[in-house]
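Trainee:
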Amino acid sequence: INEEFQESNEFKNCILFNCRGEVNVKQIHFPNDSYVKCYEGPQILDITLKPLSSINKCCDIYLFGKRWDCGSLLYKHLDILFKMASQELMQIEEGAKLYNSLGTNAERISNTSINYKKSRRYCVELYLFVQNYIKSLCSSSDFAWMLQHMFPLIIKKMSTLQRQLKRLTDLPDYVYLHGCNSSGNKIAQPSYHLLHVHLDLRWLNITLLFYLSKAKEHLEFNSDSSFIQQYCDLSGFYKSIQQLIFELFDIIIKRYEKIEINSLHKKSPFVCTCIQELWALLQILSDSLNKNNLGKKFWDFLSDYINSMMNGFQNNSAFFDQDNSAVYSNLSCTSRITCSLWAIYSIAKLYKLADYDVISCYPLLEDLLKAIVTEDMTESVMRTCLIFIEKICIDIWEPKVEPIVLLWEYFQKKLNNHFYIPGATPDSLAIVSKNARGLLNQIKSFLQDVNSVRDSFQHFLRILGLHLEKTKDSPKHWRLIKARIFTKLSPANVVTLSQIGEYHFVSLFLTMALTLGYPQVGNKIFELGNLSKNSRGNLNIELIKGQLAFVIIILENDGNAENAIKPIVEYVNSLSAVEHIDTLRLFAEAMQDILHCHDCMTQGQHLLIDAWLLNYLSCCSNTESSKVLTSLLRIIKRHKQLIIFQKPEPQFLLFLNKLWGQLEPYLSTLLASTQSSIPAEASEIAAALAMLYHNFGSQETFKNIFSLFLCREVADVSMIRRFLCHFIEYFGMNNILPSYNKIIIKAWLRCCFFCDCKENPEMRQFTTFILTIPEIKILFDGCEESLSSMEEPLLMFFICLHNKYSSLEDIYKKQAIREKLFSYVEGLENWIKPVLCNPRNTDQIKRLYNTVGNMFRLVAPLLYVKSKPNTLLQQLIDQLLLPFAVHNPDTKIHENIITAIRLHLHLFIQGLIQLNPEEDHYILRILKELITIYVPRCVHSSINSTSVQTTFSLVGEFRNFDYKLKTFILKTICNIFLKRKARRPSNHAIYGLIFIREIMNLHGKYDNVFSCLITCTFERVCDVIMYCDGNTPEHRTAKEIMKLFLNNNSLRINNMIMEDVKTALTVITNENLAWSSRQIFELMTFLSLEAPDVVLNFLPKLLELIKDVELKRGVGYDKTLRMGFEKVENDLNVLTRKII
1 INEEFQESNE FKNCILFNCR GEVNVKQIHF PNDSYVKCYE GPQILDITLK PLSSINKCCD
61 IYLFGKRWDC GSLLYKHLDI LFKMASQELM QIEEGAKLYN SLGTNAERIS NTSINYKKSR
121 RYCVELYLFV QNYIKSLCSS SDFAWMLQHM FPLIIKKMST LQRQLKRLTD LPDYVYLHGC
181 NSSGNKIAQP SYHLLHVHLD LRWLNITLLF YLSKAKEHLE FNSDSSFIQQ YCDLSGFYKS
241 IQQLIFELFD IIIKRYEKIE INSLHKKSPF VCTCIQELWA LLQILSDSLN KNNLGKKFWD
301 FLSDYINSMM NGFQNNSAFF DQDNSAVYSN LSCTSRITCS LWAIYSIAKL YKLADYDVIS
361 CYPLLEDLLK AIVTEDMTES VMRTCLIFIE KICIDIWEPK VEPIVLLWEY FQKKLNNHFY
421 IPGATPDSLA IVSKNARGLL NQIKSFLQDV NSVRDSFQHF LRILGLHLEK TKDSPKHWRL
481 IKARIFTKLS PANVVTLSQI GEYHFVSLFL TMALTLGYPQ VGNKIFELGN LSKNSRGNLN
541 IELIKGQLAF VIIILENDGN AENAIKPIVE YVNSLSAVEH IDTLRLFAEA MQDILHCHDC
601 MTQGQHLLID AWLLNYLSCC SNTESSKVLT SLLRIIKRHK QLIIFQKPEP QFLLFLNKLW
661 GQLEPYLSTL LASTQSSIPA EASEIAAALA MLYHNFGSQE TFKNIFSLFL CREVADVSMI
721 RRFLCHFIEY FGMNNILPSY NKIIIKAWLR CCFFCDCKEN PEMRQFTTFI LTIPEIKILF
781 DGCEESLSSM EEPLLMFFIC LHNKYSSLED IYKKQAIREK LFSYVEGLEN WIKPVLCNPR
841 NTDQIKRLYN TVGNMFRLVA PLLYVKSKPN TLLQQLIDQL LLPFAVHNPD TKIHENIITA
901 IRLHLHLFIQ GLIQLNPEED HYILRILKEL ITIYVPRCVH SSINSTSVQT TFSLVGEFRN
961 FDYKLKTFIL KTICNIFLKR KARRPSNHAI YGLIFIREIM NLHGKYDNVF SCLITCTFER
1021 VCDVIMYCDG NTPEHRTAKE IMKLFLNNNS LRINNMIMED VKTALTVITN ENLAWSSRQI
1081 FELMTFLSLE APDVVLNFLP KLLELIKDVE LKRGVGYDKT LRMGFEKVEN DLNVLTRKII
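Quick note: the sequence shown, position 804, residue 804 per the UniProt record's numbering, numbers continuous.
In structure tokens:
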């Protein structure tokens, strides 16, 4: 034997398993350089016996790095060759052990001279040579004697080497840990080559056994040796296949136990790509033999293992070899069903990866599904199982009914379950949709995308739906499924369903309708729903949701939904909105979705509008009603565009009539209500309906809509404003009927009274339209530009009326102006009632008092006729300022109202003062009552206000009043609140004094105001100082006011004011000196301390008045008066010297 090493030419390209690392679960095909592609089925079964040229002549072959004689090698050196193979295997095993024991120092042996790949290659080359040698010997009967001699030796050596290899499951864990490597055969790691040499030799052993058995048949070789019989016929060959399959499945079980159940679908059951390819080779080999009527199918081998595993491997002789030792590891498995499904899916997929016709094995799958039905599977395990079931039944195998039916058997018992995994994150939970559209979208989403599936029942529905889609052209499938499903869903069973059960029930039928078509299941869900009403005769909300979803499906498929809509609407009409608001809300949301499905109304959509709508709108929230009205408005607008080009459908006219029939009572209640907030869309939808009815010639309905907003009491005037703005927008400014101009003008004035025009675009638009009305153009000839440009057009309106009225001398023309104004504001007293009854809107209340106050200020003569009862002015006074209850001091006025009066009372008083109160006792009384009632209330509110400056308009605007009004107010304050010679002042005296003090503080620097204050209030303030108890707040406040008077610069600059003070002091002294001399001299002493110059100037007059009193008393000298005078004089002298 030549010891020199040369590379063998014959086995230069021998096939080795070449690992590509972990298996990619998304893999589509085996790569072209894979073991499977090199060892395809036809090649495996090729038993053509071609003679080797080298067997009849002398030639050499290289095995184990040595040169051998090819013809005599096996005959002479068979034992040596297998011993050398055994040594190579031992070398790889020892290297793997050493590598593992060194751990982190394993790299020390990476550069050794040992080539583990070469050792592995030597073993493979030996098997390939033996295989080719046997084929050559079989090519001629001349070599039969050699075969007969060598058969026992070859079989024995193969058996010995296989025992040395042992089972795949006997390999240590570190071998599998390092055996998977994407670097493949380039790696020098001994554990890698140890695993793969096992795979190489196990596969080559099976193929060599096949060739041996076929060679025996070919040569009609018979042997008496039972050992040869055991291994040289096909039964031994099949036994080897079975044993390898069992070992490979044991590896799957061991891998399964190391992977979390939730991650199972992301991992392959195969440790590496080589094991995956070995499964594929066994699959191809077994099925190819079976096609040639040789042996069992691949799935039969796998079924034997899985079925026995499910039974615990009990009493099955197929699982023991000739020496009665088990050929399986009998590993424990936490979930045999899940593991089996995982393996079946991955193994079934190998057909497609190898580009072979897929062969299914539904009996095996059905056995597993039957086990699922009988077992109590946890939700997490069931979810994982369904992932593999879907991929097997839908993606890989041809569709079949039985798995679907078995899954239904499992889930029909659990319809009331929540399919919840304890401790799961919120995003993994299944969500019950609140409305029909959401439910439908949810089902569509998990039918289209498995990632949308949230629980096992949804996954079952996905599998069912995909199966029905796949078998649409096969009615037999549907008939079988329908029969099994419908028989389990009798009315009695549906009644027992909980809410979640009804949700699952509805989802089931919707899934079938979406995939198979609604005609197949539509009648059944309505029939079961109506027969399964609860004890109170009500349909549960999930059933209604499902029926509504069916209506949407019908419309999406261009079907007529009238028969489906009618029973639902009839039922919803019978519900109480208070008790069943959730059901009505559900129906309202569904109605919006249904109406948006199509532009036309020919499929029964008009039936959706009925009595339920009024009930719902009356009880739902403002947001919800806005959504409904917006949806209806969108439909109306869409049809408004359509009818421009075509005649309206009769169903659309029915839709409009039914809609207005429900909206009219709703809007009537809404407009009159002072409590509820009003959806903005209500006005627009009414305007749109008015426009459509006008265009269709339904004038009666058009008038009803118009008068509803403009001729009735409306609590929220913004509704009128929005209605008219949209009305103008829809009709155009030039298309509105002239007969409605007066009503529109009244509505504009009504809006101006309550709506701020500064930043409101609707009011600006409205005002622009008003200026186009001829009646307004005539009335405000030349003032239109001012009216449109002003921030407050209502103010300009009153100014123009005032100017027009003032410029006229003809009493009849003036009367005509008065009547014109009255026709515009007729009903104002009714307009303001809702606002006053519900004064919570601060801005609206302020706006009302401001606008009415300005109307009083500018056009009071137009509002009032002396001696005429019940004029508009009188009605407004009684409503806004002097209702009956306000005369009671204990009556509490709403905070917003008292705030508005405090800000705008001066406007009313300015208007009333123009009506000559001195000649009209009614007006005089009204003015006095306003001051009497509101000065205490408003001054008190101003005191409590956080503002530094007073907010009481009678104080704030006092400087701008004319002299007549100033004196009237001050004298009325003094006469009502500051009684003469009162030791104990009235309850409201303090408010009168504070009122005076506030005016002095705010406007005292102006001579006209200061002079008026001195003239009207100086005497009364002195009276309080003289007679009021010194410990009272009134006395202190009066002194504060007097100090302000005496220290005012105008007193010394303006001689006229000084004379007014002197005159006032003369009057006070003349009235009180004779009988209250002490109080007079105390007053003089107080005045001396604050303004000695004033008292010094008054002393001559005081002495003169004392003498007059002495003369009247008939004495020449009154000691008390003289002593009082001398004291005042001495005090002045002392003060004068201090000043000097």
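Glycine residues also receive a C-beta, built at the ideal position from the N, C-alpha and C atoms.
Between the C-alpha atoms of residue 977 and residue 936, what's the straight-line distance to the nearest angstrom?
Mentor: Those two C-alpha atoms are separated by around 10 Å.
Trainee: From the DSSP output, which residues share a beta bridge with residue 1119?
Mentor: Its beta-bridge partners do not exist; DSSP assigns none.
Trainee: Using 8 Å for Cβ pairs, my map puts residue 681 next to residue 614. What's the rounded Cβ distance?
Mentor: That belief does not hold up - the Cβ atoms of residue 681 and residue 614 are roughly 16 Å apart, past 8 Å.
Trainee: How should residue 1017 be labelled, buried or exposed, when 16 other C-beta atoms within 10 angstroms of its C-beta is the threshold for buried?
Mentor: Classification for residue 1017: buried.
Trainee: Counting C-beta neighbours from all protein chains within 10 Å, is the total for residue 767 16 or more, i.e. buried, or is it exposed?
Mentor: Burial call: buried.
Trainee: Quick check: what's the CA-CA separation for residue 501 versus residue 338?
Mentor: Distance between the alpha carbons of residue 501 and residue 338 is about 26 Å.
Trainee: Please confirm if the region 303-310 is in contact with the region 346-353, defined as three or more CB-CB distances below 8 Å between the two stretches.
Mentor: Flag = no, the region 303-310 and the region 346-353 do not touch.
Trainee: Rank 402, 538, 487, 552 by C-alpha distance to the C-alpha of residue 517 and give the top, closest one.
Mentor: Here the closest residue by C-alpha is 552.
Trainee: At the level of alpha carbons, what is the spacing between residue 811 and residue 777?
Mentor: Each residue's Cα considered, the two are about 23 Å apart.
Trainee: Drop a sphere of 10 angstroms on the beta-carbon of residue 318, count the other beta-carbons inside from all chains shown, and report buried for 16 or more, exposed for fewer.
Mentor: With a pLDDT of 48 at residue 318, under the threshold of 50, the modelled position of that residue is not reliable, and the figure given next carries that caveat. So residue 318 counts as exposed.
Trainee: Could you pull the start and end residues of the alpha helix (DSSP H) that residue 748 belongs to?
Mentor: Residue 748 -> alpha helix (DSSP H) spans 741-754.
Trainee: Compare the beta carbon distance of residue 1052 and residue 1003 with 7 Å and say whether it is the shorter of the two.
Mentor: Against a cut-off of 7 Å, the Cβ pair of residue 1003 and residue 1052 comes out as no contact.
Trainee: Say whether the region 18-38 touches the region 175-188, bearing in mind that this needs 3 or more beta-carbon pairs closer than 8 Å, one atom from each stretch.
Mentor: Touching, yes.
Trainee: Could you have a look at residue 68 and say whether DSSP puts it in helix, strand or coil?
Mentor: Strand.
Trainee: Once the 5 residues before and after residue 331 are set aside, which same chain residues still bring their CB inside 7 Å of it?
Mentor: Only 250, 253, 254 meet the Cβ criterion.
Trainee: Looking at C-beta atoms only, is the number of pairs between the region 605-625 and the region 562-581 that lie closer than 8 Å three or more?
Mentor: Yes: the two stretches touch, three or more of their Cβ pairs being nearer than 8 Å.
Trainee: Counting pairs of beta carbons, one from the region 492-508 and one from the region 541-551, are three or more of them closer than 8 Å?
Mentor: With the cut-off at 8 Å, the region 492-508 and the region 541-551 touch.
Trainee: By the 10 Å Cβ neighbour count, where 16 or more other Cβ atoms means buried, how is residue 594 classified, buried or exposed?
Mentor: Burial call: buried.
Trainee: If the criterion is Cβ atoms closer than 7 Å, does the pair residue 343 and residue 269 meet it?
Mentor: For residue 343 and residue 269, yes; Cβs fall inside 7 Å.
Trainee: Go to residue 35, then tell me how far its beta strand (DSSP E) extends in each direction, as first and last residue.
Mentor: Premise fails: residue 35 lies in the alpha helix (DSSP H), 35-38, not in any beta strand (DSSP E).
Trainee: Compare the Cα-Cα distances from residue 825 to each of 1006, 856, 1131 and report the closest residue.
Mentor: Measuring from the Cα of residue 825, the nearest candidate turns out to be 856.
Trainee: Which runs of the beta strand (DSSP E) spanning at least 3 residues fall entirely within the region 951-997, listed in chain order?
Mentor: Fully enclosed beta strand (DSSP E) runs of 3 or longer: not present.
Trainee: Would you grab the beta carbon distance between residue 1143 and residue 1086 for me? Rounded to a whole angstrom, and I think it's under 8 Å.
Mentor: The displayed coordinates of the chain run from 1 to 1140. Any statement about residue 1143 would go beyond what the structure contains.
Trainee: Check residue 357 in the structure and name its three-state DSSP category.
Mentor: In the structure shown, residue 357 sits in coil (DSSP, three-state: anything other than H, G, I, E or B).
Trainee: How big is the Cα-Cα spacing for residue 41 and residue 296?
Mentor: In this prediction, residue 41 has a pLDDT of 46, which is less than 50 and means its spatial position is unreliable; nothing more can be read from the coordinates.
Trainee: Have a look at residue 729 and residue 709 and give me their C-alpha separation to the nearest angstrom.
Mentor: Taking the straight line joining both Cα atoms gives about 16 Å.
Trainee: What does a CB cutoff of less than 8 Å around residue 1128 pick up in its chain, not counting 5 residues either side in sequence?
Mentor: 1081, 1084, 1085, 1088, 1095, 1099, 1102.
Trainee: Looking only at DSSP bridge pairs, what is residue 503 linked to?
Mentor: Its beta-bridge partners do not exist; DSSP assigns none.
Trainee: When the Cα of residue 679 is compared with those of 628, 845, 258, 591, which residue comes out closest?
Mentor: Residue 679 has its Cα closest to that of 628, out of 628, 845, 258, 591.
Trainee: What is the rounded straight-line gap between the Cα of residue 874 and the Cα of residue 829?
Mentor: Distance between the alpha carbons of residue 874 and residue 829 is about 10 Å.
Trainee: Based on the DSSP secondary-structure assignment, which residues constitute the bridge partners of residue 62?
Mentor: For residue 62, which the question treats as bridged, DSSP gives the partners 67.
Trainee: So what's residue 597 in DSSP terms, helix, strand or just coil?
Mentor: Looking at residue 597 - three-state DSSP - the assignment turns out to be coil, as it is neither helix nor strand.
Trainee: Please name the residue in 798, 763, 761 whose C-alpha comes closest to that of residue 779.
Mentor: Closest by alpha carbon: 798.
Trainee: So residue 237 and residue 209 are supposed to be a Cβ contact under 8 Å. How far apart are they, rounded?
Mentor: The Cβ separation is near 5 Å, so the contact holds.
Trainee: Near residue 1137, what residues of its chain come up, given a Cβ to Cβ distance below 8 Å and the 5 sequence neighbours on each side ignored?
Mentor: Excluding residues within five positions, none has a Cβ falling inside 8 Å.
Trainee: Quick one: what's got a C-beta closer than 7 Å to residue 469's C-beta in the same chain, skipping five residues either side?
Mentor: 515, listed in sequence order.
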